[in-house]
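Asker:
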Amino acid sequence: MSDPYHPQPVHGQAGWFPDPTGRPGLERFWDGMQYVDRTRPAGGGAAGWYAHPVQQGLLRYWDGTSWTPDARPEAIDAAAGWYPDPVHRELLRQWDGKRWTHKARPAGDNPAPAWYPDPEEPDRVRFWDGQAWTKRTAAAVPGAVRPAKSGTGSTATIAVLLTLAILLAAAVVFIIVRSDGEGSGGTTTTSTSTTSTSSSTTTTERPTTTSTARPTTTTTRPTTTTTAAPTSSSSTP
Numbered sequence: 464m465s466d467p468y469h470p471q472p473v474h475g476q477a478g479w480f481p482d483p484t485g486r487p488g489l490e491r492f493w494d495g496m497q498y499v500d501r502t503r504p505a506g507g508g509a510a511g512w513y514a515h516p517v518q519q520g521l522l523r524y525w526d527g528t529s530w531t532p533d534a535r536p537e538a539i540d541a542a543a544g545w546y547p548d549p550v551h552r553e554l555l556r557q558w559d560g561k562r563w564t565h566k567a568r569p570a571g572d573n574p575a576p577a578w579y580p581d582p583e584e585p586d587r588v589r590f591w592d593g594q595a596w597t598k599r600t601a602a603a604v605p606g607a608v609r610p611a612k613s614g615t616g617s618t619a620t621i622a623v624l625l626t627l628a629i630l631l632a633a634a635v636v637f638i639i640v641r642s643d644g645e646g647s648g649g650t651t652t653t654s655t656s657t658t659s660t661s662s663s664t665t666t667t668e669r670p671t672t673t674s675t676a677r678p679t680t681t682t683t684r685p686t687t688t689t690t691a692a693p694t695s696s697s698s699t700p
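Mapping of the sequence shown onto this note's numbering: residues 464 to 700, in sequence order.
Pasting the structure below:
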């Protein structure tokens, strides 16, 4: 900061100081090490319109405690036309004389084909083909615009093609090196033979003894029939 009439930030001492980006009437917070993304009207400021903390040529409404999403061109009677987008510094948005419209485009006279912040979805980016917005969108990546060459596919397609090209090149190099090695007669390749000794394992099977059951002798005892002796009748002569 070059203004000698304003206090300079002191290392290790946090506080509010005039915005070093030159936004008139604004202060930016110094955390003791660096300026951070916190601004306010000088001294806190009453509710009203102040210089936009990000976009040149715009005013933004301060409700007395914080910034609101409301923004407009600096001139109260600003004519309809293209002005810096209230949200994305990479875009222009159409002002109809009273309010913002849904029409937006990349800033510049002839914006190149590239990825830009989506005019309607803050957390996404949309591809501009050089003439109009396309249907191609992607998740927003922290940072600025992501240029893209005309005629290229999506990021995923490019990555796949690049990987295939690398693998193909590696395969070609491998084949060439292998062919040179096989065709060279002065190169003697000595292979070391490895003798593997396998110890045979002798398996002794124990004989199986089969016990023969002893025959069972059946003795049939003869049946003895006892015949009673005839009874003699004695007659007295």
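C-beta: ideal position from N, C-alpha, C; glycine also.
Does the distance from the C-beta atom of Gln518 to that of Pro481 stay below 7 Å?
Answerer: No.
Asker: Look at the Cβ atom of Ala510, then the Cβ atom of Asp533, and state whether they are nearer than 7 Å.
Answerer: Taking 7 Å as the Cβ cut-off, Ala510 and Asp533 do not qualify as a contacting pair.
Asker: Excluding the five sequence neighbours on either side, which residues of its own chain have a C-beta within less than 6 Å of the C-beta of Arg589, listed in chain order?
Answerer: The answer, listed in chain order, is Asp581, Trp596, Thr600.
Asker: Which of the three DSSP states is assigned to Thr564 in this structure?
Answerer: Note: Thr564 maps to strand in three-state DSSP.
Asker: Apart from the five residues on each side of it in sequence, which residues of its chain come closer than 7 Å, Cβ to Cβ, to Ala570?
Answerer: Closer than 7 Å at Cβ, skipping near neighbours: Glu553, Leu554, Leu555.
Asker: According to the neighbour-count rule (16 or more other Cβ atoms, all chains shown, within 10 Å of its Cβ), is Glu584 buried or exposed?
Answerer: Exposed, since its Cβ has fewer than 16 Cβ neighbours within 10 Å.
Asker: Using beta-carbon positions only, say whether Arg503 and Leu522 come within less than 7 Å of one another.
Answerer: Contact flag unset, no.
Asker: Since His473 sits in a beta bridge, which residues does DSSP pair it with?
Answerer: Reading off the sequence shown, one finds Val at residue 473, where the question assumed His. Answer is Gln476.
Asker: In the DSSP assignment, what residue or residues form a beta bridge with Gln557?
Answerer: In the DSSP output, where bridge partners are listed per residue, Gln557 has Trp545.
Asker: Can you give me the C-alpha to C-alpha distance between Trp591 and Ile639, rounded to a whole angstrom?
Answerer: Rounded to whole angstroms, Trp591 to Ile639 spans 44 Å at the Cα level.
Asker: So, with DSSP's three-state summary, where would you put Pro483?
Answerer: Correct three-state label for Pro483: coil.
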